[in-house]
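Step one of this worksheet: look at the structure below.
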Amino acid sequence: MVDPRPRRSRLRAAAIAGSAVLVFALAVVAVRAAAGHTQAGGVPLRDLAAERGIRIGAAVDPVLLEDHRAYRALVAEQYGSMTAENVMKWDTLQPEFGSFDFSAAETLLEFADRNGQRMRGHTLLWHNQNPRWLAEGEFSAAELREVMHDHIDTVVGDRFKGPRTSAGSPTWGWR
């Protein structure tokens with residue numbers, strides 16, 4: 250019997266690439282539409298939502314914030330909260346066992362602070378996007394619990410424990 254895994258990997262990669270292109274295309278359309286609306290003197294979405302007691306936000310990637318001026322302006326003006334797309338996931342925060350890298354997450358937090366936004370941490374623990382050392386590690390149940398507790402304590406208990414900014418506690422929830 251032929252092993253289906255290589256084909257699945259190619260299909261998964263194609264689906265991810267297609268999704269990324271679609272999301273980017275939709276973001277470009279949204280940025281252009283929002284820019285036109287704002288230039289026409291419209292009220293930002295975040296203000297309209299706040300009038301109704303709603304906090305509106307977007308999943309945000311720090312690379313897009315840095316590389317795309319229109320995207321950066323849209324996120325800053327239209328949203329009152331942000332959710333980190335991938336930079337607060339375990340594989341990014343702790344790529345090597347015991348070695349944490351908070352730089353990309355801090356970039357988002359600084360942007361949120363400058364723009365009076367709140368930040369939702371995403372995702373503290375998940376079945377996907379775990380660092381290689383964790384996914385391939387041979388931990389006992391007790392060791393794995395200890396590793397998870399250390400990760401949680403370091404990320405939530407130490408690093409992103411609020412309040413830290415003028416917008417309040419920037420990481421106001423974790424998913």
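The working numbering runs 249 ahead of the 1-based position in the sequence shown.
Glycine included, each C-beta is placed from N, C-alpha and C at the ideal position.
How many Å lie between N363 and G306 at the Cα?
Within the sequence shown, residue 363 is the residue found at index 114, counting from 1. Within the sequence shown, residue 306 is the residue found at index 57, counting from 1. In the sequence under discussion, the amino acid at residue 363 is Arg, which differs from the Asn named in the question. Computed Cα separation, rounded: 15 Å.
Kindly indicate the opening and closing residues of the beta strand (DSSP E) around S352.
What you label residue 352 is simply residue 103 of the sequence shown in a count that begins at 1. Note, S352: premise wrong, no beta strand (DSSP E); alpha helix (DSSP H) at S352 to R363.
Using alpha carbons as the reference points, say which of W382, F360 and G347 lies closest to I401.
Walking along the sequence shown from the start, residue 401 turns up at place 152. Comparing Cα positions, the closest option is G347.
Is DSSP giving T287 helix, strand or coil here?
Sequence index remark: in the sequence shown, residue 287 carries index 38 (1-based). Because the pLDDT at T287 is just 48, under 50, the model does not fix this residue reliably, and the point stays unresolved.
Is L357 closer than 9 Å to M331 when the C-beta atoms are compared?
Residue numbering aside, residue 331 sits at position 82 when the sequence shown is read from its first letter. Residue numbering aside, residue 357 sits at position 108 when the sequence shown is read from its first letter. Contact flag set, yes.
Roughly how many whole angstroms lie between the Cα atoms of T287 and R301?
Counted from its first residue, the sequence shown places residue 287 at position 38. Counted from its first residue, the sequence shown places residue 301 at position 52. For T287, the predicted structure reports a pLDDT of 48, less than 50, and the residue's modelled location is therefore unreliable. A value from the coordinates is still provided. Whole-angstrom Cα-Cα distance: 20 Å.
Hey, Q343 and R295 are a contact pair by Cβ (cut 8 Å); roughly how many whole angstroms apart?
Here residue 343 is taken as the residue at index 94 of the sequence shown, counted from 1. Here residue 295 is taken as the residue at index 46 of the sequence shown, counted from 1. With 8 Å as the limit, Q343 and R295 do not qualify as a contact, their Cβ atoms being about 32 Å apart.
Please classify K410 as buried or exposed, where buried requires at least 16 other C-beta atoms within 10 Å of its C-beta.
Start at 1 with the first residue of the sequence shown, and residue 410 comes out as number 161. By the neighbour-count rule (16 or more Cβ atoms within 10 Å), K410 is not buried but exposed.
For A353 and V309, the rounded distance between their alpha carbons
Numbered from its first residue, the sequence shown carries residue 309 at position 60. Numbered from its first residue, the sequence shown carries residue 353 at position 104. Whole-angstrom Cα-Cα distance: 11 Å.
Verify whether the separation of the beta carbon atoms of G406 and G365 is less than 9 Å.
Here residue 406 is taken as the residue at index 157 of the sequence shown, counted from 1. Here residue 365 is taken as the residue at index 116 of the sequence shown, counted from 1. It is not a contact, given that the beta carbons lie outside the stated cut-off.
F360 beta carbon less than 9 Å from that of L393:
Translated into positions along the sequence shown, residue 393 becomes position 144. Translated into positions along the sequence shown, residue 360 becomes position 111. Against a cut-off of 9 Å, the Cβ pair of F360 and L393 comes out as no contact.
Return the chain-ordered list of same chain residues with a C-beta closer than 7 Å to the C-beta of P311, the five sequence neighbours on each side being excluded.
By one-based count along the sequence shown, residue 311 stands at place 62. Answer for P311: V336, A353, T356 and L357, listed in chain order.
I295, enclosing beta strand (DSSP E) - first and last residue
Within the sequence shown, the letter at position 46 stands for residue 295. Residue 295 is actually Arg in this sequence, not Ile. It is not in any beta strand (DSSP E) - R295 instead sits in the alpha helix (DSSP H) that spans L294 to E300.
Can you tell which of A319, D340, V324 and D316 has its C-alpha closest to the C-alpha of P293?
As a working note, residue 293 is residue 44 in the sequence shown. It is V324 whose Cα lies nearest to the Cα of P293.
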